[in-house]
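Below is one structure, written out as structure tokens; comments come after it.
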């Protein structure tokens, strides 16, 4: 019978090897998308918002490899720039959620007592609303727009990070090394940054990479129903919506952004799975 | 007066003197530590034996001010630290350090050994006159510490999981002695080690006590280890000290029945 920790480590190791190529592929793909977006932005051959009604709904050609949309705009340019928009705003929302969630979780888990109870009640309040509802309500109140959509996502997402960090800190701060750090006169802030922060990095990274796919989907789907990116901004969800009336005659106009969303979300999930296998395994060896 | 009663052998002032220490946990019927008094002389190793749950570790945590005692005083170098807090307690923290039973829990698994070792010096040691571990540079200091506990210097860059149990416990010992405290509380320092490492760690601790002039409160359930290390022994049961004697008198006829019971187990 293998000890539990050894078995865990072994399975963790084999899994991470199995998923290694996926992670590399995923990272490459993300880089490729970002590079392509940057390239198109810097060396714009086509203005992504310039309408040309005489050249609308064209098939693929040397000038327009993916053809043009219902307003005569180059689809490839809009697709690549839209990738930058969608992924960029998703990362922005995620980053803001981390910036709010990590410190609050650290403080609640470390301080305990009434600070923690207050935090948990607030978190419960935020968790009571599904993200789509918050986004729709916020758009109704503040007006539709990508900024308000990002705000809505941040309002919903920070809670899960704060709770994750809190639970890790709750268990770690009971250990002897934190007691010793206290008897050695380390300030609370120093204990949190030096001793506790390294413990949550892996967990947060895993949750974030699993979340990014969901956020991309959320931004795209809410843009699709008109609550996110506003025309003429190129954004995948909005592009899907724009090409809906031409589905019969030019279905590929919906297929391109659809495929783009699916592949980026898939890649993000693969990356998340890889990181989960990589970090979930306890490195600590039992005595 | 109390000191003379508790420890009639020595004339120098004790480095640590505990009087009437009592600690009751919320909801508990009886105190975990009840009216414990003792004095610890410079360079002495005082053993504290008792079975699991008798209050040994609670006493250690009270001494370290990890927990607050309900009553009693803890005189550390003449100053009662039992009621001090925050900034007023801080200068006294340097004088007392602890080594816990489980070195795996006592070292942050995410930090390199050097980063764990430097904490006490960075927080408490600066400005203190260190004679054996004088701080010239971080690297040199860490190297001296590892040398003192007979570990190779290259372990400084490793993580705790890359070390053996015995090596990890040596690291926690190095961390405790690095700011040259007066008193080191050893809370079952060998309980989670194999027999060979146990002997080696005990030898190391004994050598450090003599060379650095440390005083130990050596807590253990292992009567043999306590007998080997200590000049005096206290026996604890149900939170109270029931017997105290010089290590040479362990097998004397007048021992407390509970002490005899403990001897018979070994």
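Residue numbers (the working numbering), protein chains in the order written: chain A, 1 to 287; chain B, 1001 to 1266. Backbone N, C-alpha and C define an ideal beta-carbon position, used for all residues, glycine too.
Please specify which runs of the alpha helix (DSSP H), each continuous and at least 4 residues long, are wholly inside the segment 165–225 of chain A, giving them in chain order.
176–183 and 197–224
Taking all protein chains shown into account, do 16 or more other C-beta atoms lie within 10 angstroms of the C-beta of residue 165 of chain A, making it buried, or fewer, making it exposed?
Reading the first chain from its first residue, position 165 is the one you call residue 165 of chain A. Buried.
Three-pair Cβ contact test at 8 Å for the segment 194–207 of chain A versus the segment 168–175 of chain A
yes
Residue burial classification, residue 1023 of chain B (beta-carbon count within 10 angstroms, cutoff 16)
On the second chain, position 23 is the one that residue 1023 of chain B refers to. Residue 1023 of chain B comes out buried.
Please tell me whether residue 1100 of chain B has its Cβ less than 8 Å away from any Cβ of chain A.
What you label residue 1100 of chain B is simply residue 100 of the second chain in a count that begins at 1. Output row for residue 1100 of chain B: interface = yes.
List the residues that DSSP assigns as beta-bridge partners of residue 1078 of chain B.
In the second chain, the residue the question calls residue 1078 of chain B occupies position 78. Answer is none; residue 1078 of chain B lacks a bridge partner.
Looking at C-alpha atoms only, which residue of A:243, A:67, A:96 and A:50 is the closest neighbour of residue 149 of chain A?
Locating residue 149 of chain A in the first chain gives position 149, counting from the first residue. Ranking A:243, A:67, A:96 and A:50 by Cα distance to residue 149 of chain A puts A:96 first.
Quick check on residue 1188 of chain B: buried or exposed, where buried means 16 or more other Cβ atoms within 10 Å of its Cβ?
Your numbering for residue 1188 of chain B matches position 188 in the second chain. Buried, because 16 or more other Cβ atoms sit within 10 Å of the Cβ of residue 1188 of chain B.
From the beta carbon of residue 283 of chain A, is the nearest beta carbon of chain B less than 8 Å away?
One-based indexing of the first chain puts residue 283 of chain A at position 283. Residue confidence is low: residue 283 of chain A scores 44 on pLDDT, short of 50, so the model does not pin down where it sits. Its coordinate-derived value is still stated next. Yes, residue 283 of chain A counts as interfacial toward chain B.
Kindly list, in the order they appear in chain B, the residues whose Cβ is closer than 7 Å to that of residue 185 of chain A.
The residue you call residue 185 of chain A lines up with position 185 of the first chain. Simply 1090, 1093, 1123 and 1124.
With 9 Å as the C-beta to C-beta threshold (strictly closer), list the residues of the segment 1054–1080 of chain B near chain A in chain order.
1061, 1064, 1065 and 1066
I'd like to know if residue 9 of chain A contacts chain B, where contact means its C-beta is closer than 8 Å to some C-beta of that chain.
Looking up residue 9 of chain A in the first chain gives position 9. Any reading at residue 9 of chain A needs caution, since the residue's pLDDT is 40, under 50, leaving its predicted position unreliable; the model's value is listed next. No, no contact with chain B.
Segment contact, 8 Å Cβ cut-off, at least three pairs: the segment 1045–1053 of chain B with the segment 1067–1082 of chain B
no
Under a CB-based cut-off of 8 Å, is residue 274 of chain A close to chain B?
Along the first chain, read from residue 1 onward, the residue named residue 274 of chain A stands at position 274. No, because no Cβ of chain B sits closer than 8 Å to the Cβ of residue 274 of chain A.
Who are the near neighbours of residue 53 of chain A in its chain, counting only those whose CB is closer than 8 Å to its CB and skipping five residues on each side?
Along the first chain, one-based indexing puts residue 53 of chain A at 53. If we look at residue 53 of chain A and ignore the five residues flanking it on each side, its Cβ neighbours are 71 and 72.
What three-state label does DSSP hand residue 1182 of chain B in the structure shown?
Numbered from its first residue, the second chain carries residue 1182 of chain B at position 182. In this structure, residue 1182 of chain B counts as coil in the three-state DSSP scheme.
For residue 1062 of chain B, three-class secondary structure by DSSP:
Start at 1 with the first residue of the second chain, and residue 1062 of chain B comes out as number 62. Reduced to three states, the DSSP call for residue 1062 of chain B is helix.
Between the Cα of residue 1262 of chain B and those of B:1254, B:1246 and B:1224, spot the shortest distance and give me the residue it belongs to.
What you label residue 1262 of chain B is simply residue 262 of the second chain in a count that begins at 1. Selected option, being the one with the closest Cα: B:1224.
Once you ignore the five residues that flank residue 1020 of chain B on each side, which residues in its own chain have a CB closer than 8 Å to its CB?
Position 20 of the second chain, counting from 1, holds the residue named residue 1020 of chain B. So the qualifying residues of the chain are 1035, 1036, 1037, 1071, 1072 and 1073.
Using a 10 Å radius around the Cβ and a threshold of 16 neighbouring Cβ atoms, would you call residue 108 of chain A buried or exposed?
In the first chain, residue 108 of chain A corresponds to position 108, counting from 1. Counting Cβ neighbours within 10 Å, residue 108 of chain A comes out buried, since at least 16 surround it.
Can you grab the Cα-Cα spacing for the pair residue 37 of chain A / residue 266 of chain A, in whole Å?
As a position in the first chain, residue 37 of chain A is number 37, starting the count at 1. As a position in the first chain, residue 266 of chain A is number 266, starting the count at 1. So the two alpha carbons sit approximately 19 Å from each other.
Kindly indicate if chain A contains any beta-carbon less than 8 Å away from that of residue 1120 of chain B.
Position 120 of the second chain, counted from the start, is the residue given in the question as residue 1120 of chain B. Yes - at least one Cβ of chain A is within 8 Å of the one on residue 1120 of chain B.
N- and C-terminal bounds of the beta strand (DSSP E) containing residue 1039 of chain B:
On the second chain, position 39 is the one that residue 1039 of chain B refers to. Its beta strand (DSSP E) spans residues 1033–1040.
Cα-Cα separation, residue 1078 of chain B to residue 204 of chain A
Against the second chain, residue 1078 of chain B aligns to sequence position 78. Against the first chain, residue 204 of chain A aligns to sequence position 204. Their Cα atoms are separated by approximately 48 Å.
Nearest to residue 156 of chain A by alpha carbon, out of A:136, A:264, A:269 and A:252?
Translated into the one-based positions of the first chain, residue 156 of chain A becomes position 156. Ranking the options by Cα distance to residue 156 of chain A, first place goes to A:136.
Quick check on residue 1004 of chain B - is its C-beta less than 8 Å from some C-beta in chain A?
Taking the second chain and counting its residues from 1, the one referred to as residue 1004 of chain B is at position 4. Confidence in residue 1004 of chain B is poor, its pLDDT being 47 and thus under 50, which makes the residue's placement unreliable; the coordinate value appears in the next sentence. It does not; no Cβ of chain A falls within 8 Å.
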